[in-house]
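For reference, the structure is listed below as structure tokens.
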Amino acid sequence: MMADNRRSRITTEGLARTPNRAMMRAVGFRDEDFQKPIVGVGNAHSTITPCNLGIGAQAERAAEALKGAGAMPVTFGTITISDGISMGTEGMKYSLVSREVIADSIETVCNGQSLDGVLATGGCDKNMPGAMIGIARLNIPAIFVYGGTIKPGRYKGQDLTIVSAFEAVGQAAAGNLSEEDLKGVEMNACPGAGSCGGMYTANTMSSAFEAMGMSLMGSSTVSAEDDDAREVAARAAEVLVDAIHHQRLPRQIMTREAFENGFAVIMALGGSTNAVLHLLAIANACEVDFSIDDVEAIRRKVPVLCDLKPSGRYVTSEFHEVGGTPQVMKMLLARGLLHGECLTITGRTVAEQLADVPSDPPTGQDIIHRFEDPLYEHGHLAILRGNLAEEGAVAKVTGIKKRQITGPARVFDSEEEAMDAILSDRIRHGDVIIIRYEGPRGGPGMREMLAPTSAIIGRGLGDTVGLITDGRFSGGTYGMVVGHVAPEAAAGGTIALVEEGDSVTIDADRNLLQLDVDEAEIARRREAWQPRPPNYRRGVLGKYAKLVSSAAYGAVTDKDLFD
């Protein structure tokens, strides 16, 4: 068997590498360290957002454990954007872009320095898929360590999450929340470190990675401020050194069956719509053939088992206490809905990892439902098609009272225009809001529409108003909402042709998204349509808009580059 420093030895061995070693000695290398595997620790610590606040301590603990396991750690930084802080602003256009920047940075450092493995950390939403895309491109031994979830806030006896604050805006605008209570929600929604506390995007992605075998079992729902978060990092470091020794590679783990496992768990948890976009992008990086139609096939087989926010009642830290992701995985495995033979980063299979987990959830709790008594019979992330979305769109179809709506289109060419209409009481029961030119290319950056959807909920319109966009939704969104519409408006998709007052249908039962206008009229409008000039011609947003693919393929920036 080759030495464990099979990649890094190109920088450490031989006469010609004397200058290389000289520089490495300056950062702490000793003679004996040059024969060890050199392992990158991608440190996503940041004080920009509570999501990443505790990651520095995890990265330090991981580095200590790597040394103890016989490796030589080298730490480098990765960026984060706070979705919650940039939400509703121009800055949100950089959020999805940051996924690509994170992936590029991890790939660049690990290949540029010939590292033997990488332990990536992350907290806020795009950290997770960004890290995993980078890991998939590299295909060197790697493991992901989640920063952990925030604990719930409390105000007047109620659990709070960040979504409570967004919804409070709509309640206050409607005159249903006092200034005192609005401030009370603001002051208490985020009590400390950790990612947003429901089964929103960050917790969804960490759970998916656990199901796919790329992070440790039981690690996806730990609380950021608990000691467990640091110990998870230490155990992950030890597992990674073993994976380097045995050359367990990400693409051996992230097979098509592993992606099916990931989506099965996402459906059972009631996870975020963003998981569709991100796992498609990771599959692209792994060169695994996986499409939105595969997502719909899994949805039809897997029930929603967990009563978790945003559409449910409980937060992720409470879910962790009753068994968390391993409990749900074992329930799916016992019913033939999980591929137990899939390899994990530990070298054991999924089934072996779950051997000691009960097949049914604990009694005396209603966070995880028994398989025979699910929250919903089928999964919640539906793929809709129709003349409004020939390439597909993603809808979250649980937690809603109406599964079908036909109503007049209220058309807005930006999130800001829509938000102004909602807060100024210009939206009526039965309306279908269209927010377009917010797609991957058109925004660019596919902003999340949490502010408009939360304002709709806050104003009491959530059960009667639909919203369709070529942008995205936060993991905290619920209601009759359809996003990721493809082709997007900037690419000439039919969503660009909708006019104020047109009849539009959202039908979750028929997986239909339809502009109820004569096809001849649609053809006439298409002939007259002219593409808009790009919003950005330079810088990171200009580059992104030029390269990014359709949301139907994960909004990736390296698809068919030279075809």
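Just add 149 to the spot in the sequence shown (first one is 1) and you have our numbering. Yeah, the Cβ is synthetic: ideal placement off N, Cα and C, and Gly gets one too.
| Asked | Found |
| --- | --- |
| Under 9 Å between C-beta atoms of R590 and H427 | no |
| Chain-order list of residues whose beta-carbon lies under 6 Å from that of M480 (same chain, five-residue window excluded) | F520 |
| Residue range of the unbroken alpha helix (DSSP H) whose run includes M354 | 350–361 |
| Inter-residue Cα distance where the pair is A189 and G272 | Note that residue 189 is Gly in the sequence shown, not Ala. If I take the Cα positions, the gap works out to 18 Å. |
| Collapsed DSSP secondary structure at N410 in the structure displayed | helix |
| Distance between beta carbons of G283 and I255, contact taken as under 8 Å | 3 Å |
| L457 beta carbon less than 9 Å from that of P475 | no |
| 8 Å contact criterion, which A382 and Q207 should meet: CB distance rounded | 4 Å |
| Whole runs of the alpha helix (DSSP H) within the segment 204–278, excluding any shorter than 4 residues | 204–217, 232–235, 242–261 |
| Element boundaries [beta strand (DSSP E), containing D443] | Element bounds for D443: not the beta strand (DSSP E) but the alpha helix (DSSP H), 441–448. |
| The beta strand (DSSP E) enclosing N192, as first and last residue numbers | 187–192 |
| Residue burial classification, Q401 (beta-carbon count within 10 angstroms, cutoff 16) | exposed |
| Range covered by the beta strand (DSSP E) that runs through Q184 | Taken as a continuous stretch (DSSP letters only), Q184 belongs to no beta strand (DSSP E), as it is neither H nor E. |
| Stretch pair the segment 364–378 + the segment 290–307: three plus CB contacts closer than 8 Å | yes |
| H633 classed as buried or exposed, judged by whether at least 16 other C-beta atoms fall within 10 angstroms | buried |
| For V705 and R397, the rounded distance between their alpha carbons | 26 Å |
| For A424 and K545, the rounded distance between their alpha carbons | 11 Å |
| Environment of S327 [buried if 16+ CB atoms lie within 10 Å] | exposed |
| Boundaries of the beta strand (DSSP E) in which S364 is found, first to last residue | Note, S364: premise wrong, no beta strand (DSSP E); not H, not E. |
| Reduced DSSP category for E637 - H, G, I as helix; E, B as strand; rest coil | coil |
| Unbroken beta strand (DSSP E) run spanning Y304, endpoints | 302–304 |
| DSSP bridge partner residues for F293 (one or two, in chain order) | A269 |
| Expected contact under 8 Å - CB spacing of L96 and R681 to nearest Å | With the chain covering 150 to 712 only, the question about residue 96 has no answer from this structure. |
| D376 - containing alpha helix (DSSP H), residue span | 376–395 |
| Top-ranked residue by Cα proximity to H578, from G594, R608, R585 | R608 |
| The segment 536–543 contacting the segment 554–568, beta-carbon criterion three pairs below 8 Å | no |
| Proximal residues to A434 (C-beta, below 7 Å), its chain only, five neighbours per side dropped | I282, A285, R286 |
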